[in-house]
Each structure stands twice: as C-alpha cells, then as structure tokens.
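Here is the structure we will look at.
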Amino acid sequence: MKYEDSGIREDILAGIREMGFTEMTPIQEQAIPAELAGEDIVGLAQTGTGKTAAFGIPMIQAVDPGEAAVQGVVLCPTRELAMQGAQELEKMGSHVEGLRVQPVYGGADIVRQLRGLEKGAQIVVGTPGRVMDLMRRKALEFSHLRVLVLDEADEMLDMGFREDIETICQAMPEDRRTALFSATMPEEILELTRKYQRDARVIEVSHDELTVSSIRQSFYMVKSRQKDEALCRLIDYMSPKRGLIFCNTKRKVEQLTVMLKRRGYSAEALHGDLVQQQRTRVMELFRTGAASLLLATDVAARGLDIDDVDIVFNYDLPQEMEYYVHRIGRTGRAGKKGKAVSLINTREMRKITALENFCGTRIREKTMPSYADVMPIKANHTMEKVLHFCEDMDLSDYEDLVRAKCAELGDADPVRIAAAFLRESMGEAREDIEILTGRPERRRREGKGKDFRGSRSSRSSRPSGRRFGARKDDEDNEFVTFDRKKVGKKARRQEAERTNDRKRRTAGAKAAGRTAGKTGAKRKNLGERAAGRTGGKAGTKRTLKTGVKSGSRKKEFHGKGAGSKDHYRRRNGRWSGRRENS
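Using the working numbering, the first residue of the sequence shown is number 16, and each one after it goes up by one.
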C-alpha cells in the first residue's frame with residue numbers, strides 16, 4: 016500500500032517523500048489506518064519494521080500545531096531511542112507549520128529541555144524517568160493530551176519502568192488514544208493493555224516479515240582463534256561505508272575496537288560503561304561517517320535506529336534468537352539492500368539451524384575469501400582515498416619533496432616508489448585462514464556395526480593431567496578458565512565420607528547376620544546356610560535336629576509366625592532339610 020492511499024494529510028506526505036519512503040511496511044499497513052480511525056492498538060513488531068512511522072504519522076496528524084500544549088507523548092526505554100525518535104518525527108512533520116517536537120531524557124542538560132517545553136512543544140519523546148522528573152517540577156502536564164505511545168514496552172518493563180509508566184498513564188486523560196508497541200507479549204504487557212487501553216486491536220508481524228528479503232544473510236565458519244583475522248578480511252573484501260559489529264560482551268567490544276584501530280580501521284565502541292556524553296559523541300561520529308564501523312553489545316544497542324547501514328557483522332552469535340532479528344533489522348531499510356554476516360565455529364552450526372527455523376529463512380554458508388582475493392579490492396580502495404586527497408588537498412610541498420628525493424636517487428622509478436607506499440598503507444599480509452565447512456554430509460562408518468564408537472580398546476584413553484573448564488563470571492559477563500580439581504575438592508571429600516559410611520553399615524549388617532544392600536542375589540536353601548538364622552516366613556515353626564553317630568538330640572524352637580514346619584538334619588558335617596506343611 017502507498018502512503019497516498021491511506022488518508023494521510025498532504026503536508027505530512029511531503030515530509031515522507033523527502034525521507035524517501037513510498038511503500039508502507041506490513042506493520043504500517045495495518046497500524047496507520049486503525050490509528051487514524053481512533054483505535055487503540057498493540058503492535059507486535061521488532062526493530063526495523065517501520066514502527067516509528069507507524070505511530071508517528073497518525074500522531075502528527077492528530078495534534079493541533081496551532082495549540083502550544085503537549086498533545087502527544089512517546090515513551091522510550093533509552094536515551095538513544097528518544098533522540099532518534101524525535102528526529103524521525105521532526106522529519107515527517109517538517110512541512111507541518113508550527114509543529115514542535117521536544118526530546119527529554121536523562122544524562123543531558125534539563126534546563127535546555129525545560130526551555131523547549133516552555134516554547135510550546137506539541138509532541139514530547141522521552142524516557143520514563145525524565146518524564147516523571149518533569150512532572151514533579153510541574154513543567155509537564157497532560158490536560159490537552161490526545162495520543163500516548165509506549166515504544167519498546169517490553170524493554171521498558173525489563174528495565175524496571177513499570178511503576179513510572181503506570182504513574183504517567185494515571186496522570187493522563189482517560190479519553191486519549193493509546194498505542195503500545197512491543198517485540199513480545201508477556202503477562203505484564205497484557206496487564207497494561209487491559210488497564211490502560213480500550214478494546215485494543217492486536218497487530219502482529221510474523222517472523223517471515225521481520226527478516227525481509229532485502230537482507231542477504233550468510234555465515235562463515237572459522238576457528239575461534241582466527242575470528243579477528245576473518246573479520247578484518249571480510250571488512251576489506253566487502254568495503255562497507257557503514258557497518259555494525261555485534262559482540263556478546265563489552266570486554267570483547269573493547270578488545271576488537273583496539274585491534275581494528277591498530278590495523279587502521281575507523282572504529283568506535285558502544286557499550287554500557289560509556290557516559291552519555293561519550294555515547295553521543297560515538298553516535299555522531301558513526302552517523303556522519305567519521306567512523307565507518309560501530310562495535311556494540313545488544314544491551315547498548317537497544318533502540319539504535321540508524322539509516323544506511325550497509326552490513327551487520329555478528330562476531331558472536333546472540334544468546335537469544337530474538338536478538339538476531341533485532342541485529343539484522345538495522346540494515347536493509349527503506350527499500351535498500353542489506354547484508355548480515357555471522358562468524359561461527361563448528362560447534363555453533365546447530366544455532367544457525369535454529370535461527371533458520373525461527374526466522375523462516377535460509378542463512379547461506381560462504382567460503383572465506385583468500386588474501387589474494389582481498390588484495391586487489393583493498394588496493395583499489397586505498398587508491399580511491401589517495402585520488403580523493405589529490406583532488407581536495409594542496410600537495411605542492413609534498414610534490415617538491417618527492418621530486419627532490421627522485422633526483423637524489425637518480426634512477427629511482429616513481430612507479431616503484433608509489434607501489435611501496437601502497438604496500439605500506441595496506442599493511443602486511445596476515446596469516447591464512449583455514450577453510451572449514453559447516454554442513455558436513457553424515458556417513459556411516461565402515462565395519463563398526465551399530466556402534467560407531469568401535470570397541471573399548473580402539474578408543475583413545477582419557478587425557479591425563481589437570482583438566483580445565485569454563486565458568487561464567489556474572490560480574491563482567493565473561494568466560495574465565497578454572498581448575499576443576501580445585502573446585503571439586505570439597506565435593507569429592509564429602510563423597511568419600513559417604514562411601515566409607517556405607518561400607519561401615521554394610522560390615523555391621525553382615526556381622527549381625529543380615530543381608531545388606533539390594534544386590535538381587537538369590538538366597539540358597541536354608542539347609543545350606545549357617546545355623547542360627549530364623550528368617551522364615553510368618554507363622555513358621557522350625558525343628559532343629561543336631562545329629563551325631565551314636566544318636567540324635569532333638570531341639571525345637573518357634574519362628575515369628577505359624578503355618579509350616581522345617582526339619583533340618585546334620586549329616587556328614589552338612590545340613591540338609593525338608594519342608595513339611597503343618
């Protein structure tokens with residue numbers, strides 16, 4: 016569906032055209048008409064599906080730009096999402112005369128935000144904490160409010176903003192229109208919907224629609240120790256103008272950023288340890304192109320909304336499949352083509368299969384390009400930068416130096432000198448990367464029958480020496496090595512004590528004439544056992560005859576019950592007996 020066919024005002028359409036949008040996304044096709052009709056909605060959609068326009072266009076059309084009062088509020092989980100959302104709304108309403116959009120968020124000068132509100136902003140985009148702060152200062156009131164939007168509602172609940180959200184909702188008029196957007200639908204979201212929305216219409220975008228066909232997804236299988244070299248080689252091979260690199264820990268983000276900068280790449284890091292001023296500077300460098308690579312964790316990239324991202328690299332596969340959709344959704348926007356590349360080892364192949372099933376799409380395996388494949392591309396890229404310098408910079412002083420040096424050397428070839436400079440700028444050749452395959456064909460081993468492991472003697476023995484494993488450190492979310500023998504010393508001592516206790520109990524039971532343990536052994540005939548045991552059935556009466564050659568002496572004794580009589584006779588040093596019914 017085209018935007019012109021949905022009842023949007025012409026002044027808003029003008030801003031949409033300037034942004035380069037022509038066709039609606041699936042979430043926009045369902046949400047915009049419902050919101051323009053005044054319905055409350057719940058939109059189940061991930062990042063990258065066009066949510067901002069889905070709630071922004073109806074909000075701009077609902078407010079009165081001639082009235083200097085807050086009429087629309089958008090609550091976001093992070094500062095970055097608040098800033099980006101405000102910028103998008105300003106672009107959409109750039110041709111709406113008198114419209115003002117004010118972002119409010121923590122970590123920034125509140126005086127400037129107060130001045131923006133005093134000038135009469137109709138739309139406020141902010142985080143729950145700063146909105147609550149402005150409400151307490153009496154700088155923000157909602158008597159004229161018409162529309163409330165909860166963007167990334169599940170993220171706000173995960174971050175502990177539920178109490179703030181409910182306080183804000185209770186301070187607003189009940190006749191407002193409310194739109195809620197979330198990637199998931201937990202019970203807390205349902206409670207908010209029942210409490211603060213009226214007959215909300217649920218709009219869901221399926222996984223097939225989330226991973227759009229404009230994103231080409233692939234993976235390369237490499238050894239873990241060669242991931243750094245593989246990443247650099249792919250960056251050189253694909254030459255992205257703007258690329259995102261995702262890691263699972265902030266420590267790995269820092270390590271990779273340092274490594275890339277040492278190799279001459281313009282890279283910046285984004286993680287939770289950065290203060291707001293640093294985050295703003297990093298995002299500005301990335302948006303303006305001063306930094307072509309941005310390395311981030313999933314938490315730090317929440318709400319990150321950047322256009323024109325050529326490629327997304329998954330240095331680490333995410334721990335949750337939903338995060339994969341969030342990551343790759345930051346490329347291939349506004350009808351443009353995008354790429355998503357993952358680096359995996361052999362043990363992560365099952366994760367690729369799970370992601371394919373979750374997203375309903377094929378993630379293709381590719382072969383790592385060799386250094387010979389990358390060298391011409393990297394050389395051309397370097398030459399393009401050099402030619403750009405030649406056009407835009409005054410190099411007369413450097414030209415004189417080169418001429419003087421060539422005259423000094425006499426027979427020096429300028430082409431060879433230029434080639435040496437090019438070789439130096441490209442860096443030294445790195446180690447070659449071993450090519451691995453990710454989808455091996457399964458075949459039956461010969462001569463082993465059903466047991467593919469072979470006989471016990473043919474299997475390799477367990478390696479000797481200390482064993483090392485890994486445990487997860489909760490403080491910095493890193494995996495660190497540890498010694499299993501040291502960690503399990505106490506447990507093994509306790510197990511040894513339990514074993515000794517069992518042995519002592521068993522020995523005591525045997526000394527008392529009891530059968531210890533459930534060994535499942537069958538008892539032999541009582542006549543073949545030692546004399547003195549009385550383990551007959553209930554109600555038995557036993558007669559014991561102890562015989563000698565000259566005669567016999569009869570001795571009777573009773574068992575625990577009655578009903579049978581066992582006769583025993585000792586003959587030739589052995590006991591024999593028969594059972595008679597009584």
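From the three backbone atoms N, C-alpha and C, an ideal C-beta is built for every residue, glycine too.
Please report how far the alpha carbon of residue i lies from the alpha carbon of residue j, in whole angstroms.
{"i": "Glu512", "j": "Arg519", "result": "11 Å"}
{"i": "Thr361", "j": "Arg130", "result": "57 Å"}
{"i": "Val340", "j": "Leu114", "result": "34 Å"}
{"i": "Gly574", "j": "Gly523", "result": "Confidence at Gly574 is low in this model, with a pLDDT of 43, below 50, so its placement is unreliable and the value that follows should be read with caution. Whole-angstrom Cα-Cα distance: 24 Å."}
{"i": "Asp322", "j": "Asp124", "result": "27 Å"}
{"i": "Gln232", "j": "Val430", "result": "41 Å"}
{"i": "Gly53", "j": "Ile72", "result": "13 Å"}
{"i": "Thr346", "j": "Thr397", "result": "25 Å"}
{"i": "Tyr280", "j": "Lys134", "result": "43 Å"}
{"i": "Glu202", "j": "Gly65", "result": "25 Å"}
{"i": "Ala68", "j": "Leu104", "result": "8 Å"}
{"i": "Gln171", "j": "Ile204", "result": "Rather than Gln, the amino acid found at residue 171 in this sequence is Met. Cα to Cα, Met171 sits roughly 10 Å from Ile204."}
{"i": "Lys393", "j": "Thr295", "result": "31 Å"}
{"i": "Ser239", "j": "Glu380", "result": "17 Å"}
{"i": "Ile432", "j": "Leu402", "result": "16 Å"}
{"i": "Lys352", "j": "Tyr338", "result": "20 Å"}
{"i": "Gly425", "j": "Ala434", "result": "18 Å"}
{"i": "Glu219", "j": "Gly58", "result": "6 Å"}
{"i": "Val327", "j": "Gly344", "result": "9 Å"}
{"i": "Ile359", "j": "Arg342", "result": "16 Å"}
{"i": "Ile367", "j": "Gln509", "result": "42 Å"}
{"i": "Thr208", "j": "Glu399", "result": "55 Å"}
{"i": "Leu599", "j": "Ile250", "result": "Here the chain has residues from 16 to 597 only, and residue 599 is not among them."}
{"i": "Asp288", "j": "Lys267", "result": "13 Å"}
{"i": "Glu363", "j": "Glu269", "result": "23 Å"}
With distances taken between CB atoms, is the gap from residue i to residue j smaller than 8 Å?
{"i": "Lys242", "j": "Tyr330", "result": "yes"}
{"i": "Arg257", "j": "Asp325", "result": "yes"}
{"i": "Val7", "j": "Leu285", "result": "Only positions 16 to 597 of the chain appear in this structure, which leaves residue 7 out of reach."}
{"i": "Arg191", "j": "Arg216", "result": "no"}
{"i": "Val139", "j": "Val78", "result": "no"}
{"i": "Gly108", "j": "Ile56", "result": "no"}
{"i": "His110", "j": "Gly30", "result": "yes"}
{"i": "Val88", "j": "Ala101", "result": "no"}
{"i": "Leu310", "j": "Leu246", "result": "no"}
{"i": "Phe301", "j": "Glu283", "result": "yes"}
{"i": "Leu90", "j": "Ile180", "result": "yes"}
{"i": "Phe196", "j": "Ala60", "result": "yes"}
{"i": "Met174", "j": "Pro92", "result": "yes"}
{"i": "Leu165", "j": "Leu132", "result": "no"}
{"i": "Asp169", "j": "Tyr252", "result": "no"}
{"i": "Glu112", "j": "His159", "result": "no"}
{"i": "Lys17", "j": "Glu38", "result": "yes"}
Should residue i go down as buried or exposed, given a rule of 16 or more other Cβ atoms within 10 Å for buried?
{"i": "Val293", "result": "Checking the sequence shown, residue 293 turns out to be Gln, not Val. Classification of Gln293: exposed, given that the 10 Å Cβ count is below 16."}
{"i": "Thr142", "result": "buried"}
{"i": "Tyr413", "result": "exposed"}
{"i": "Lys210", "result": "exposed"}
{"i": "Glu167", "result": "buried"}
{"i": "Glu19", "result": "exposed"}
{"i": "Thr534", "result": "At Thr534, the pLDDT of 45 sits below 50, so the modelled position is not reliable; the number obtained from the coordinates is stated separately. When all chains shown are included, Thr534 counts as exposed."}
{"i": "Gln45", "result": "buried"}
{"i": "Pro188", "result": "exposed"}
{"i": "Met390", "result": "exposed"}
{"i": "Met408", "result": "exposed"}
{"i": "Ala355", "result": "buried"}
{"i": "Val126", "result": "exposed"}
{"i": "Cys184", "result": "buried"}
{"i": "Ala316", "result": "buried"}
{"i": "Asn11", "result": "Shown here, the chain extends from 16 to 597; a query on residue 11 therefore has no answer."}
Enumerate in chain order the residues of its own chain whose CB-to-CB distance from residue i is below 8 Å, with the five nearest sequence positions on each side excluded.
{"i": "Gly22", "result": "Pro48, Leu51"}
By Cβ distance, which residues of its chain are closer than 7 Å to residue i, with the 5 residues on each side in sequence left out?
{"i": "Ala186", "result": "Met150, Phe157"}
{"i": "Met336", "result": "Ala369, Leu370, Phe373"}
{"i": "Leu410", "result": "none"}
{"i": "Ser475", "result": "The pLDDT assigned to Ser475 is 41, lower than 50, so where the model puts this residue is not dependable, and the model offers no usable value."}
{"i": "Arg24", "result": "Gln76"}
{"i": "Ser357", "result": "Phe234, Asn329, Leu332"}
{"i": "Gln43", "result": "Gly65, Ala68, Ala69"}
Please go through the same chain and pick out, in chain order, the residues whose beta-carbon is closer than 6 Å to the beta-carbon of residue i, but skip the five residues on each side of it.
{"i": "Met98", "result": "Pro118"}
{"i": "Val290", "result": "none"}
{"i": "Arg145", "result": "Val119, Tyr120, Gly121"}
{"i": "Ala427", "result": "Cys421"}
Assuming residue i contacts residue j (C-beta within less than 8 Å), just tell me the rounded distance between them.
{"i": "Ser307", "j": "Pro384", "result": "Ser307 to Pro384, Cβ: 19 Å. No contact."}
{"i": "Gln212", "j": "Thr199", "result": "About 17 Å separates the two Cβ atoms, so there is no contact after all."}
{"i": "Pro80", "j": "Gln128", "result": "In fact, because the Cβ distance is near 20 Å, the residues do not count as touching under 8 Å."}
Just checking residue i against the ligand GDP - is the residue's beta carbon closer than 7 Å to any of the ligand's heavy atoms?
{"i": "Lys400", "result": "Among the ligands in the structure shown, none appear at all, so the ligand GDP cannot be discussed."}
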